[in-house]
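Enquirer: Residues 1 to 160 in the working numbering are what the sequence shown spells out, letter by letter. Note that the Cβ used here is the ideal one computed from N, Cα and C, for glycine as well. These figures come from a predicted structure and were not determined experimentally. Pasting in a structure now, in structure tokens, and then I'll have a few things to ask.
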Amino acid sequence: MKYGSTFLMKLVIIFISLGVLALCCVAFPALAIDVAKTEAAIVKILYPILIGMSLAAIPFFIALFHTWKLLRYIDNGSAFSTLSVIALKKIKYCAFGVAGIYAVTFPFFYSLAQHVDPPGLMGICVFIIGAALVIATFAAVLQRLLQEAIAIKTENDLTV
């Protein structure tokens, strides 16, 4: 395959990672400081949410790293290999991890939504959990299809 066939996807990964990194390093601390100055009652609810969102960034970045590796395998022409299956497996586990972290922090989102904006805040949390589960399901399906394709390819290579 041509080297630049996945260039746009790699560019998207870079921009997404920079955006999430900016959220974790700049926006979350600024929000925590701002809320701590104004609303003392909301601080006890907001801190677990911010900690959960920061913890969810860890499997998110791990999944982006394995997505980058998968795109590199595609560029090198080794997309149908066990390395690709392993990368998809790790992406699947990371997506389940992100969904799990947000599911654990869901009660805090609900409690905060009672004080602020119920539809918007709950919608964001449900959307993130749903998106992570869709990604995990898609990675699981691709992993299974890739394993079967590799098995068929191996069988055909052994056939004389």
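To the nearest angstrom, how far is it from the Cα of K69 to the Cα of K90?
Expert: Each residue's Cα considered, the two are about 11 Å apart.
Enquirer: Enumerate, from N- to C-terminal direction, the unbroken alpha helix (DSSP H) stretches of 4 or more residues contained entirely within the stretch 1-62.
Expert: With a minimum length of 4 residues, the continuous alpha helix (DSSP H) runs that stay inside the stretch 1-62 are 7-22 and 28-38.
Enquirer: Roughly how many angstroms lie between the CA atoms of Y73 and L83, to the nearest whole one?
Expert: Cα to Cα, Y73 sits roughly 8 Å from L83.
Enquirer: Quick one: grab the DSSP three-state call for S111.
Expert: Correct three-state label for S111: helix.
Enquirer: Per DSSP, what kind of secondary structure is T116 in: helix, strand or coil?
Expert: In the sequence as presented, Thr is not what sits at residue 116; that position holds Val. In this structure, V116 counts as coil in the three-state DSSP scheme.
Enquirer: Indicate whether I129 and A149 have their beta-carbon atoms separated by less than 8 Å.
Expert: No, the Cβ-Cβ distance between I129 and A149 is not below 8 Å.
Enquirer: Give me the Cα-Cα distance between L31 and L46, rounded to the nearest whole angstrom.
Expert: Looking at the two C-alpha atoms, the distance is approximately 9 Å.
Enquirer: Around the Cβ of F60, are there at least 16 other Cβ atoms within 10 angstroms (buried) or fewer (exposed)?
Expert: With 16 or more other Cβ atoms within 10 Å, it is buried.
Enquirer: Return the residue from the list K153, K10 and C125 that minimises the CA-CA distance to V98.
Expert: Here the closest residue by C-alpha is C125.
Enquirer: Measure the alpha-carbon distance for A95 versus A140 and round it to whole angstroms.
Expert: Taking the straight line from one Cα to the other gives about 10 Å.
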